[in-house]
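Colleague: Before I ask anything, here is the structure I am working with.
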Amino acid sequence: MENQNNNLQELEELRSQVAEFKNRMEQQEIVSRRLLKEAMKGHVSWIKQMNIWGSVGELVILPLLVYGLRSIVGVSWLPIMAVVLLLVGEAVFNFWNVSTIRDKHLAADDVLSAQQRLITFKRREKLYTFGILPFIFLWVVWLLFDVYYGTDISFSPSSKRLVVYFVVIVITFTILSYVFSREMRSLNKAIKDIDDFTGKERTE
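My numbering numbers the first residue of the sequence shown as 15 and each following residue consecutively.
Quick look at the structure:
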């Protein structure tokens, strides 16, 4: 009888230890998920700020761009209206795309759903970026044709100006390429962190 009581007591102690261990593991998982989401939001926070403030900046300087193209360079109205529509459309796209990865969405979703949001955001960014490049190239060609062969031109091209415009274009594309590559790296890092976390969960 005494052995039976001892066995029951040991069994209860073992159950208590298992329950305590399970509780600690659950608490550790909760903390790990919270830390993962905070790290994930850290990876994408600058992306959201860059897209939002970059779009705001484009809209702010748009009137100056129109004035410069029309009054200084001598571009006709049709290419100007095309670039206006392009920049406004880009701003609208950026605002909408960023709205899909707000902090409240990443915090409310489970990690796999949050990862899927980031993957979808990344896919849209790549499709838009590579899709818009041919239009930008065609617009630049159109702009040059309009400047040199247009009928209402007050612009007199010179070799110095051509060099300046070429340098400006190269610098602009270099900066945009750097920002895009850094954006992709940050998204890849956030997605990989989630893969590592879920892979660790499956092995435990």
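From the three backbone atoms N, C-alpha and C, an ideal C-beta is built for every residue, glycine too.
Measuring CB to CB, does Tyr142 end up less than 8 angstroms from Phe109?
Modeller: In this structure, Phe109 does not lie closer than 8 angstroms to Tyr142 by Cβ.
Colleague: If the criterion is Cβ atoms closer than 8 angstroms, does the pair Asn112 and Ile146 meet it?
Modeller: The sequence given here has Val at residue 112, not Asn. It is not a contact, given that the beta carbons lie outside the stated cut-off.
Colleague: Counting along the chain, where does the alpha helix (DSSP H) carrying Gln87 start and finish?
Modeller: In the sequence under discussion, the amino acid at residue 87 is Val, which differs from the Gln named in the question. That residue, Val87, is in no alpha helix (DSSP H); it is neither H nor E in DSSP.
Colleague: Using a Cβ-Cβ cut-off of 8 angstroms (strictly less than) and excluding sequence neighbours within five positions of Leu76, which residues of its own chain qualify?
Modeller: Taken in chain order, the residues that qualify are Val98, Leu101, Val102.
Colleague: Buried or exposed for Ile189, please, with buried defined as at least 16 other CB atoms from any protein chain shown within 10 angstroms of its CB.
Modeller: Burial call: exposed.
Colleague: Could you please give the first and the last residue of the uninterrupted alpha helix (DSSP H) stretch that includes Ile146?
Modeller: Note, Ile146: alpha helix (DSSP H), 125-163.
Colleague: Measuring alpha carbon to alpha carbon, tell me which of Ile208, Ala204, Val178 ends up nearest His57.
Modeller: Looking at the Cα atoms, Ala204 is the closest of the given residues.
Colleague: Contact between the stretch 150-161 and the stretch 75-92 is defined here as three or more beta-carbon pairs at a separation below 8 angstroms; is this criterion met?
Modeller: Yes, they touch.
Colleague: Looking at C-alpha atoms only, which residue of Asp207, Lys62, Ala105 is the closest neighbour of Gly71?
Modeller: For Gly71, the nearest C-alpha among the options comes from Ala105.
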